[in-house]
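If you read the protein sequences in the order shown, they are chains A and B.
The opening position of the first sequence corresponds to residue 1 in my numbering, with each subsequent residue numbered one higher.
The opening position of the second sequence corresponds to residue 251 in my numbering, with each subsequent residue numbered one higher.
Ideal Cβ placement from N, Cα and C applies to all residues, glycine included.
Values in this document were obtained by computation on a predicted structure and should not be read as measured data.
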Amino acid sequence: MTPLLEFLLRQGDNTLVLGHRMSEWCGIAPALEEDIALTNTALDLIGQTQLWLAYAAEVEDAGRSANDLAFLRDPYDFRNLLMLEAPNADFGRTLMRQFLFDAFQVPWLTALSGSSDPRIAEIAAKSVKEALYHLDRSSGTVIALGDGTEESQSRMQAALDYLWPYTGEMFADDATDAAMADTGIAPMPSAMQSAWQVKTEEVLAKACLTRPDSSFAQSGGRTGRRHTEHLGHMLATMQTLQRSYPGAVW
Amino acid sequence: MAVARAIDEAQIWEWLESVPDPEIPVISVVDLGVVRDVRVKDDTVEVTITPTYSGCPAMAVIALDIETALAQSGVQAVRLTTRIAPPWTTDWLSDKGRAQLERYGIAPPQAAGGPKRCPQCHSTATERISQFGSTPCKALWRCTDCLEPFDYFKCI
C-alpha cells in the first residue's frame, strides 16, 4: 500500500467509524433534539467519508469504489483511531469522544486545507466548516454536562478517564506521516498536539473536569496493527447487507 | 425530440430557476447557490453543482431533478459535475432566496450566527433550542414573544 493510500484510508476510516457510531443513536437519544443533532453529525461524517474514500479508491486504482472500501474490508484493513471504534456506552462518553476528536479535527483539517495535494486541500476545506460546527456543539455539551449535576459530572469524568488513554494515538507519528510531511501533503500529527491541548484544557476547566495524569497511549488502530474487539462487532452490523447480498444497490 | 435551436446558457439558467430544492421547495437550486456554472458545448449541457453539507441526502435528488427538468425542456445530453472547491457557503444564497425563505417561515442565515428576527412576528427576541434541525442546513430556534418555534438556516 502506498503512503498516500494509507493516509487517505486513515482519514476516511476515522469519519466512517465515528459516523457509524453516531448513527447508532438514531431513535434512542435522550431527547429529540439530541437525536437529531447526533444523527446530523453522523450524516456530515459519512458525507466526508464518501469524499475521502472515493479519492482513496481512485489512488488505489484496483477497480474498487468508496462503497467497496467501506463495506467489504475486514477489521484489520481499517485504519481508524481506536478511540472511535469504542462502543458509545452512555450519552456522556459519546459526547466526550466527539469533543476529543473534534478538537483534533479542527486544527488538522485546517492544516490539510493547505495540502500540496489539491484534492486533499479541497476535501479538508469543505470538511473543516462542518468540524467547526461539531466542535462548537460538542464542547458546549461537555461543559454543560461536566458543570451540571453530581450525576452528570461524575459520568463525564468517568468518560474522560476511559477515553484518555486513547487520545495519544492521534499524535503518534509513523513512517506514513513522515512520507506525507516530506511531500507537503500533510503535517505531522504531533504538530497538532499543542493546539489540541490548549482547547482541551480550556473546555475541561470550564466543565469542572480533571484531566487524567497518565500519558500512556493505546495504539494499533491507525496502523491497522491491532484493533479492539469492538470494531469487528461494529462492522458485522454495518456491513451485513453488502456481505449478505453482494452488489446490492439502492 | 431534437432541440430546434441552439441552446443558450441564459435559457438553461432560466429553466434551472424552476427546479426547487427538494427539502425547501420555496427556493430554487439556483437561489440556493448550488448551481455554480452552466456551459453549452455542442449539444451537451454541462452543469456544475457544489454540494451544501457533505452528508446532505438531498444532493442526489437535486442532481436527478436538474437532469429531469432539462430533459423535459428538450435537452438531450446533460453532464453534471460536482465541484467541492471553493466549498459551498450561505453567502451564495441569493437575496430573492433569502426573502423566500423568510416568507416560508425559515429565518435566513446571518453572519452573526443567529436569526435577525422571528420569521412569523418579526420580533428580535429569539432563543436557540437546538443547533441542529430538520435538515442538515438548519437549526431550531424559538421566538420568546409569539412563542412559535422556527427553523433557522445555519450560516456556514
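Whether residue i touches residue j by CB criterion (7 Å)
i	j	result
residue 29 (chain A)	residue 43 (chain A)	no
residue 269 (chain B)	residue 350 (chain B)	no
residue 172 (chain A)	residue 219 (chain A)	yes
residue 48 (chain A)	residue 66 (chain A)	no
residue 221 (chain A)	residue 230 (chain A)	no
residue 24 (chain A)	residue 80 (chain A)	no
residue 234 (chain A)	residue 163 (chain A)	no
residue 315 (chain B)	residue 356 (chain B)	no
residue 176 (chain A)	residue 7 (chain A)	yes
residue 208 (chain A)	residue 136 (chain A)	no
residue 358 (chain B)	residue 403 (chain B)	yes
residue 290 (chain B)	residue 330 (chain B)	no
residue 343 (chain B)	residue 283 (chain B)	yes
residue 321 (chain B)	residue 272 (chain B)	no
residue 374 (chain B)	residue 391 (chain B)	no
residue 288 (chain A)	residue 60 (chain A)	Residue 288 (chain A) lies beyond the range of chain A shown here (1 to 250); nothing can be said about it.
residue 170 (chain A)	residue 104 (chain A)	yes
residue 92 (chain A)	residue 21 (chain A)	no
residue 124 (chain A)	residue 132 (chain A)	no
residue 302 (chain B)	residue 387 (chain B)	yes
Alpha-carbon to alpha-carbon, residue j and residue i
i	j	result
residue 326 (chain B)	residue 193 (chain A)	54 Å
residue 310 (chain B)	residue 334 (chain B)	15 Å
residue 249 (chain A)	residue 238 (chain A)	15 Å
residue 19 (chain A)	residue 394 (chain B)	35 Å
residue 9 (chain A)	residue 381 (chain B)	30 Å
residue 36 (chain A)	residue 379 (chain B)	12 Å
residue 286 (chain B)	residue 293 (chain B)	20 Å
residue 150 (chain A)	residue 13 (chain A)	36 Å
residue 40 (chain A)	residue 261 (chain B)	36 Å
residue 158 (chain A)	residue 102 (chain A)	19 Å
residue 348 (chain B)	residue 130 (chain A)	22 Å
residue 118 (chain A)	residue 360 (chain B)	30 Å
DSSP state of residue i mapped onto helix, strand, coil
i	result
residue 404 (chain B)	coil
residue 344 (chain B)	coil
residue 262 (chain B)	helix
residue 149 (chain A)	coil
residue 215 (chain A)	coil
residue 251 (chain B)	For residue 251 (chain B), the predicted structure reports a pLDDT of 46, less than 50, and the residue's modelled location is therefore unreliable. A value from the coordinates is still provided. Three-state result, residue 251 (chain B): coil.
residue 176 (chain A)	helix
residue 330 (chain B)	strand
residue 14 (chain A)	helix
residue 223 (chain A)	coil
residue 44 (chain A)	helix
residue 298 (chain B)	strand
residue 356 (chain B)	strand
residue 399 (chain B)	strand
residue 3 (chain A)	helix
residue 278 (chain B)	strand
residue 187 (chain A)	coil
residue 118 (chain A)	helix
residue 337 (chain B)	coil
residue 423 (chain B)	The structure shown does not extend to residue 423 (chain B), since chain B spans only 251 to 406, so no value can be given for it.
residue 303 (chain B)	coil
Residue range of the unbroken beta strand (DSSP E) whose run includes residue i
i	result
residue 377 (chain B)	376-380
residue 391 (chain B)	388-393
residue 287 (chain B)	285-291
residue 106 (chain A)	Looking at the DSSP string, residue 106 (chain A) is not in any beta strand (DSSP E); the run it does join, the alpha helix (DSSP H), is 91-112.
residue 385 (chain B)	It is not in any beta strand (DSSP E) - residue 385 (chain B) carries neither H nor E in the DSSP assignment.
Where the alpha helix (DSSP H) containing residue i begins and where it ends
i	result
residue 200 (chain A)	193-206
residue 325 (chain B)	Here residue 325 (chain B) belongs to no alpha helix (DSSP H), and DSSP marks it neither H nor E.
residue 68 (chain A)	66-71
residue 244 (chain A)	229-244
residue 84 (chain A)	82-85
Chain D contact residues for residue i, given Cβ-Cβ distances below 7 Å
i	result
residue 125 (chain A)	Of the protein chains in the structure, A and B, none is chain D.
The ligand PLP heavy atom lying under 6 Å from the CB of residue i
i	result
residue 277 (chain B)	Among the components of this structure there are no ligands whatsoever, and the ligand PLP is therefore not found.
Exercise for the section: With 9 Å as the limit, tell me which residues of the segment 375-394 of chain B have their beta carbon closer than that to any beta carbon of chain A; keep them in chain order. Expected result: 379, 380, 381, 382, 383, 384, 385, 386, 390
Handout entry: Within 7 Å of chain A by C-beta, residues of the segment 349-372 of chain B in sequence order
Key = none
Handout entry: Residues in the segment 14-44 of chain A having any Cβ partner in chain B nearer than 7 Å
Key = 33, 36, 37, 40, 43, 44
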